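By this note's numbering, the letter at position 194 of the sequence shown is numbered 291, and the numbering carries on one by one without gaps.
Below is one structure; the comments refer to it alone.
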Amino acid sequence: MSDESRTVNRSPVVIAVVAIIVLALGFASFVADMTGPAQRSQEVESWPGDDVMWEAYGRLEEGDPLAVGRVDAPVVMIEYADFRCGYCGKFARDIEPELIRRYVDTGVLRIEWRNFPVLGAESEDAARAGWAAGQQGRFWEFHSLAYARGAEFEGFSESRLKKLAKKAGVSDPDRFATDMHSRVADGWIGNDQGEAEKLGVVSTPTFLINGRPIVGAQSLDVFVEAIEDAHDRPWGPAGPSRGADSPSPPGH
Numbered sequence: 098m099s100d101e102s103r104t105v106n107r108s109p110v111v112i113a114v115v116a117i118i119v120l121a122l123g124f125a126s127f128v129a130d131m132t133g134p135a136q137r138s139q140e141v142e143s144w145p146g147d148d149v150m151w152e153a154y155g156r157l158e159e160g161d162p163l164a165v166g167r168v169d170a171p172v173v174m175i176e177y178a179d180f181r182c183g184y185c186g187k188f189a190r191d192i193e194p195e196l197i198r199r200y201v202d203t204g205v206l207r208i209e210w211r212n213f214p215v216l217g218a219e220s221e222d223a224a225r226a227g228w229a230a231g232q233q234g235r236f237w238e239f240h241s242l243a244y245a246r247g248a249e250f251e252g253f254s255e256s257r258l259k260k261l262a263k264k265a266g267v268s269d270p271d272r273f274a275t276d277m278h279s280r281v282a283d284g285w286i287g288n289d290q291g292e293a294e295k296l297g298v299v300s301t302p303t304f305l306i307n308g309r310p311i312v313g314a315q316s317l318d319v320f321v322e323a324i325e326d327a328h329d330r331p332w333g334p335a336g337p338s339r340g341a342d343s344p345s346p347p348g349h
């Protein structure tokens, strides 16, 4: 697929978010681990209208290195995140592993990552490094290391990013460095940023669960409710349908 064909051309949908300026949210996100429990950011209950197509959310590409879960999973969660974001790290450590255990491993949920670096140059460098690790099939290992508790306070210099990649199992460091600084990496990250901006995303982390927006590092219960509601909610012709073989969440 050419770089041109990957350019976002999707219908915009407005996400209502708490009325806090982006810089304030970015700073609060960065210090999340220093300030205790995650911010109770507003969850938006509205659903997109019928004119919003499913393609605005999930790429659903087989072999996408920045995604985990079945392509035909009935629920797709898009995550817009920044590697320097403290709340993103809290979600990655405290919530995401349980969602993977309950829903990804059982075929109910697919998680697709989008780079949305909003906290400066090191955020952008970390996004490129994560993408480059993904080209060697090690994105999620890199993701776990980058979001280890306190990792964002160590910074993401190029030397540290290379160390993280090596620890994540990236086998070809020269290719990693080349990919990290490539125009293709810039294109992918710019594509993700453009998509987020069209959707109205202004802070990290922001999630779309079958189109339902959730802002901030919410509790596990909030994500469980949204996933199970999305699984049970019927979709129109543009969205995924649940066939007889569609897996059900645990307990259903």
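Even for Gly, the Cβ is constructed at its ideal location relative to N, Cα and C.
Values in this document were obtained by computation on a predicted structure and should not be read as measured data.
Residue i versus residue j - alpha carbon distance
i, j, result
"Ala327", "Val172", "6 Å"
"Phe239", "Arg330", "34 Å"
"Gln232", "Leu317", "30 Å"
"Ala314", "Tyr184", "6 Å"
"Gly160", "Trp237", "13 Å"
"Gly155", "Phe250", "32 Å"
"Arg246", "Asp169", "33 Å"
"Ser198", "Arg309", "Inspection of the sequence shows that residue 198 is occupied by Arg rather than by Ser. About 21 Å."
"Gly217", "Cys182", "11 Å"
"Asn288", "Thr275", "19 Å"
"Ile286", "Glu322", "30 Å"
"Ser254", "Pro194", "27 Å"
"Ile270", "Ser256", "Just to set this straight, residue 270 is Pro in the shown sequence, not Ile. If I take the Cα positions, the gap works out to 12 Å."
"Leu296", "Ala248", "29 Å"
"Thr203", "Arg211", "23 Å"
"Val319", "Ile192", "10 Å"
"Pro162", "Val215", "22 Å"
Residues of its chain near residue i, where Cβ-Cβ distance is below 6 Å and the 5 sequence neighbours each way are ignored
i, result
"Phe180", "Ala223, Ala243"
"Phe273", "Ala229, Ala262, Val267"
"Thr303", "Tyr177, Val312"
Spatial neighbours of residue i in its chain, beta-carbon cut-off 8 Å, leaving aside the 5 residues before and after
i, result
"Ile324", "Val172, Met174, Leu196, Tyr200, Val205, Leu206, Ile306, Pro346"
"Lys260", "none"
Chain-order list of residues whose beta-carbon lies under 7 Å from that of residue i (same chain, five-residue window excluded)
i, result
"Ile208", "Ala164, Val165, Gly166, Met174, Glu176, Val201"
"Gly252", "Glu219"
"Met277", "Arg225, Ala226, Ala229"
"Arg190", "Tyr244, Arg246"
"Lys264", "Leu242"
"Ala282", "Arg225, Trp228, Ala229, Asp276"
"Leu258", "Asp222, Ala223, Ala226"
Where the beta strand (DSSP E) through residue i begins and ends
i, result
"Glu209", "206-212"
"Ala178", "172-178"
Terminal residues of the alpha helix (DSSP H) in which residue i lies
i, result
"Ile324", "317-329"
"Asp202", "Segment: none, Asp202 is in no alpha helix (DSSP H) and carries neither H nor E."
"Leu196", "193-196"
Residue i burial status per 10 Å Cβ neighbour count (16 or more: buried)
i, result
"Lys187", "buried"
"Arg235", "buried"
"Phe213", "buried"
"Glu294", "exposed"
"Arg280", "exposed"
"Glu221", "buried"
"Glu158", "exposed"
Cβ of residue i within 8 Å of any chain D Cβ
i, result
"Ser316", "In the structure shown, chain D cannot be found, because there is only a single protein chain."
**Q.** Inside the region 249-309 only - beta strand (DSSP E) runs reaching at least 3 residues
**A.** 303-306
Q) What are the start and end residues of each continuous alpha helix (DSSP H) run of 4 or more residues lying completely inside the region 208-246, in chain order? A) 218-231, 236-243
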